[in-house]
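Visitor:
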Amino acid sequence: MLGSATLAARLARFAVSTPQENLQCPARAIVHLSMIDFIAVARAGVDEPVARITREMVLADEGREDASLFGSEVRVPARAAALANGAAGHALDYDDTHFAYVGHPSTVIMPVTLALAQTTGAKASALYDAALIGLEGASRVGAWLGRAHYQLGFHSTASAGSFGAAMSASRLLGLNEAQTTHAISLVASRASGLKSQFGTMGKPYHAGMAASNGIEVALLAKAGFISRSSALDGEQGFAETHAGEYNDAAFEGMGETFIFEDVQHKFHACCHGLHACLEALGRIIADGGAVPDQIEMMSVSTNSRFMRVCNIASPTTGLEAKFSFRLAMALAVLGYDTAALDTYTDEICSVPSVVGLRDMVVVNVDDTLAETESVVTVRDKSGVQKTVRYDLNDLLPLAEKQARIAAKSASLIGDAAAQHLWDNVMAEQTLPIL
154 MLGSATLAAR LARFAVSTPQ ENLQCPARAI VHLSMIDFIA VARAGVDEPV
204 ARITREMVLA DEGREDASLF GSEVRVPARA AALANGAAGH ALDYDDTHFA
254 YVGHPSTVIM PVTLALAQTT GAKASALYDA ALIGLEGASR VGAWLGRAHY
304 QLGFHSTASA GSFGAAMSAS RLLGLNEAQT THAISLVASR ASGLKSQFGT
354 MGKPYHAGMA ASNGIEVALL AKAGFISRSS ALDGEQGFAE THAGEYNDAA
404 FEGMGETFIF EDVQHKFHAC CHGLHACLEA LGRIIADGGA VPDQIEMMSV
454 STNSRFMRVC NIASPTTGLE AKFSFRLAMA LAVLGYDTAA LDTYTDEICS
504 VPSVVGLRDM VVVNVDDTLA ETESVVTVRD KSGVQKTVRY DLNDLLPLAE
554 KQARIAAKSA SLIGDAAAQH LWDNVMAEQT LPIL
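Residues 154 to 587 (the working numbering) make up the sequence shown, in order.
1) Using CA atoms only, rank isn't needed, just tell me which of A560, A277, F167 is closest to E581.
2) Mind pulling the beta strand (DSSP E) runs of 3 or more residues that sit fully within the region 493-565?
3) Classify L347 as helix, strand or coil using the three-state DSSP reduction.
4) Kindly list the residues whose CB is nearer than 7 Å to the CB of N175, restricted to its own chain and excluding five residues on each side of it in sequence; keep chain order.
5) Going by alpha carbons, who is nearest to Q177 out of V194, Y281, F478?
6) Taking its Cβ as the centre, do 16 or more other Cβ atoms sit within 10 Å of K534, making it buried, or is it exposed?
7) Indicate the three-state DSSP secondary structure (helix, strand or coil) for L339 in the structure shown.
8) What's the gap between the Cα of L155 and the Cα of H335?
9) From the DSSP output, in three-state form, read off R381 for me.
10) Per DSSP, what kind of secondary structure is M354 in: helix, strand or coil?
11) Between which two residues does the alpha helix (DSSP H) harbouring E432 extend?
12) Between the region 284-292 and the region 440-454, do three or more beta carbon pairs fall short of 8 Å?
13) With DSSP as the reference, identify every bridge partner of T111, one or two as the case may be.
14) Does the beta-carbon of F351 have 16 or more other beta-carbons within 10 angstroms, so that it is buried, or is it exposed?
15) Is there contact between the region 493-512 and the region 432-442, where contact requires at least three CB pairs shorter than 8 Å?
16) Am I right that F481 and T491 are in contact with their C-beta atoms under 8 Å? What's the rounded C-beta distance?
17) Return the CA-CA distance between N366 and V518, expressed in angstroms with no decimal places.
18) Taking only the alpha-carbon atoms, compute the straight-line gap between L298 and A313 and give it to the nearest angstrom.
19) Going by DSSP, what residues sit across from Q417 in a beta bridge?
20) Could you check if R115 is buried or exposed, using at least 16 other CB atoms within 10 Å of its CB as the buried criterion?
21) From the DSSP output, in three-state form, read off A311 for me.
22) Count the other CB atoms within 10 Å of the CB of A485; is the residue buried (16 or more) or exposed (fewer)?
23) According to DSSP, simplified to helix, strand and coil, what is E226?
24) Compute the Euclidean distance between the alpha carbons of M188 and E414, then round it to the nearest angstrom.
25) Check each candidate in A311, T333, T310 and name the one with the smallest Cα separation from S321.
26) Is it true that the region 201-211 meets the region 155-171, where meeting means three or more beta-carbon pairs spaced less than 8 Å apart?
27) Does DSSP put L160 in a helix, a strand or coil?
28) Return the CA-CA distance between V529 and V541, expressed in angstroms with no decimal places.
29) Between the region 232-241 and the region 257-264, do at least 3 Cβ pairs fall closer than 8 Å?
30) Which residue comes first and which comes last in the alpha helix (DSSP H) that contains M263?
31) Which stretch, first to last residue, makes up the alpha helix (DSSP H) that contains E289?
32) So V370 and V340 are in contact, right, with Cβ under 8 Å, and what is the actual spacing, rounded?
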C-alpha cells in the first residue's frame, strides 16, 4: 500500500498543490499537441451519430450558458459540455492512447479543462496546467490499476479517466486538498465503463461520461460534499472491487516526472493495434521493398492481445477494415492513405487489387513482443526478403511528432483552421475555440 496517506489524498495534493513552475516541463509540449489533436479529431467527428445524439440531448436540457459545444453555437452547463465534447472526441476513435494507462487520456481530460476554463474565466495557462495534472493523474491511476482491470472487462479510458477528470476539475475550480480528496474519492463511485460496449456508440460515450463525472464530483466537493478518503485503495474500495493490481510503482516520482509524456498519437485512422505494423511496413515501402506486383508474401507478427481486437481476416465494411491487419497492410502497399478517414469504406473491401494483396498476408502470434511492437516481413517473387521491427514506445523526436500532428489536423479540418488552432494553442494566450 501507499503508506499512511490514502491514494486519494496523495492525488489531491498533486492535483492542487503542484506549483505552476513544475508544470512548465517537456511534457507540456506534448499537452499542446494532444489539445490540437483532440480538437481536430472532435471537429471531424462532430456529425457522427454518437456525437450528434449526445449533443442534441444536452441542448434539449438547456440550463446555464457556460461552455461551448462542438457542432453548436449554443452554450450549455460545464458538465453537459464535457459529456457531449468527450463523446465527440472519441467518436472516430482517432484520438491519443497511453499504453501504461491502457486508455485514451485526452478525450476525457480536454473536455473538462475547456469547459471549466470557459466557465470560470481561467487564463489559458491555467487550462494547460489543469490539463497536464489530469492527463498525468489518469495515466498513473490507469497504470496503478494495471492490465488485470482492463482484461477483466473494464474500459480504462472511462474508469481511470474519471479520476484524472476530477483532478483537473478540482484544480480549475480552486478546491483545496481536503475538498479535492473528497472529489477524487467520490468519483470512485461514478467511474465506470465496460469493454462490452466496444464497437457501439457506448465506447465514445464512456469518454464523455468520465469527463462529466469529474466536473460533477468537483462541484459537489466545492459545495461541501463529503466522501470516504479510502474509496480507491481501502477495503471494498475501487481497486479491490475492480481487479486493481495496486501497482504502487506507478506513483513513483509523481509531480517530478510525467509519464503522460509517453502518450501515443494516432497517425493512421484505424485501430491503434495496427499502428506498429503500419509503421514497420511504411519503412519497407520507403526502402522500395514492397512493390505490389512483385510481392509473393507479407507477414506480421504481433502480441496475442490483438488477435481478438484487430485481426478481422476478410472485412466487408469500412468499420471492419479499421480492425484488419491484412486489409490495412494491403491498403498501405497500394498507396492508399491510411491516415485519411475516407479510405476505410465498404467499397474498398472488395476492390480486386486490395483483396489480392490482403490474401497474401499472414498474421502470426508472438508473445515475446510487447503490445506496442510488430515485426513485418515482405518477400518478393525473386526471394528477396525484408523485415522491420517497430515499437510505438520508441518515441518520435518532438519535431517529427509536431510535423505529423500538424499534417493530421490539416487533413481533418483544413489547412487554415489547423494553422489557426496550432497558433492559438502554442501561444497559450487565449482559450481554444471549439
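We put the CB at the ideal spot given by N, CA and C, even for glycine.
In this text the structure is predicted, and so the values were computed from the model without any measurement.
Guide: In this structure, then:
1) What you label residue 581 is simply residue 428 of the sequence shown in a count that begins at 1. That would be A277, whose Cα lies nearest to the Cα of E581.
2) 514-518, 526-533, 538-544
3) By one-based count along the sequence shown, residue 347 stands at place 194. In the structure shown, L347 sits in a strand (DSSP, three-state: E or B).
4) Indexing the sequence shown from 1 puts residue 175 at position 22. Taken in chain order, the residues that qualify are G408.
5) Locating residue 177 in the sequence shown gives position 24, counting from the first residue. Ranking V194, Y281, F478 by Cα distance to Q177 puts Y281 first.
6) Stepping through the sequence shown from its first residue, residue 534 is reached at position 381. Flag for K534 reads exposed.
7) Here residue 339 refers to the residue found at position 186 of the sequence shown. In the structure shown, L339 sits in a helix (DSSP, three-state: H, G or I).
8) Walking along the sequence shown from the start, residue 155 turns up at place 2. Walking along the sequence shown from the start, residue 335 turns up at place 182. Unreliable placement is indicated for L155, whose pLDDT of 48 sits below 50; no coordinate value is reported for it.
9) Stepping through the sequence shown from its first residue, residue 381 is reached at position 228. Coil, per DSSP.
10) Taking the sequence shown and counting its residues from 1, the one referred to as residue 354 is at position 201. In the structure shown, M354 sits in coil (DSSP, three-state: anything other than H, G, I, E or B).
11) As a working note, residue 432 is residue 279 in the sequence shown. First-last of the alpha helix (DSSP H) with E432: 428-439.
12) no
13) In this structure the chain extends from 154 to 587, so residue 111 is not present and cannot be described.
14) Taking the first residue of the sequence shown as position 1, residue 351 is located at position 198. F351 should be labelled exposed.
15) no
16) Position 328 of the sequence shown, counted from the start, is the residue given in the question as residue 481. Position 338 of the sequence shown, counted from the start, is the residue given in the question as residue 491. In the sequence under discussion, the amino acid at residue 481 is Ala, which differs from the Phe named in the question. That pair is a contact at about 6 Å.
17) In the sequence shown, residue 366 corresponds to position 213, counting from 1. In the sequence shown, residue 518 corresponds to position 365, counting from 1. N366 and V518: Cα-Cα distance of roughly 38 Å.
18) Translated into the one-based positions of the sequence shown, residue 298 becomes position 145. Translated into the one-based positions of the sequence shown, residue 313 becomes position 160. Near 8 Å, if we compare the C-alpha coordinates of A313 and L298.
19) To locate residue 417, count along the sequence shown from 1; it is residue 264. DSSP output for Q417 lists T250 as bridge partner(s).
20) Because the chain in this structure spans residues 154 to 587, residue 115 falls outside the shown range and cannot be described.
21) Here the question's residue 311 lines up with position 158 in the sequence shown. In this structure, A311 counts as helix in the three-state DSSP scheme.
22) Against the sequence shown, residue 485 aligns to sequence position 332. Buried.
23) Indexing the sequence shown from 1 puts residue 226 at position 73. Three-state DSSP puts E226 in a strand.
24) The residue you call residue 188 lines up with position 35 of the sequence shown. The residue you call residue 414 lines up with position 261 of the sequence shown. If you take the alpha carbons of M188 and E414, they lie about 13 Å apart.
25) Here residue 321 refers to the residue found at position 168 when the sequence shown is read from its first residue. The shortest C-alpha separation from S321 is found at T333.
26) no
27) Within the sequence shown, residue 160 is the residue found at index 7, counting from 1. Note: L160 maps to helix in three-state DSSP.
28) Walking along the sequence shown from the start, residue 529 turns up at place 376. Walking along the sequence shown from the start, residue 541 turns up at place 388. Distance between the alpha carbons of V529 and V541: 5 Å.
29) yes
30) Here residue 263 corresponds to residue number 110 of the sequence shown, with the count starting at 1. Residues 259-273.
31) The residue you call residue 289 lines up with position 136 of the sequence shown. Element bounds for E289: 277-305.
32) Here the question's residue 370 lines up with position 217 in the sequence shown. Here the question's residue 340 lines up with position 187 in the sequence shown. Contact flag correct, Cβ pair sits at about 4 Å.
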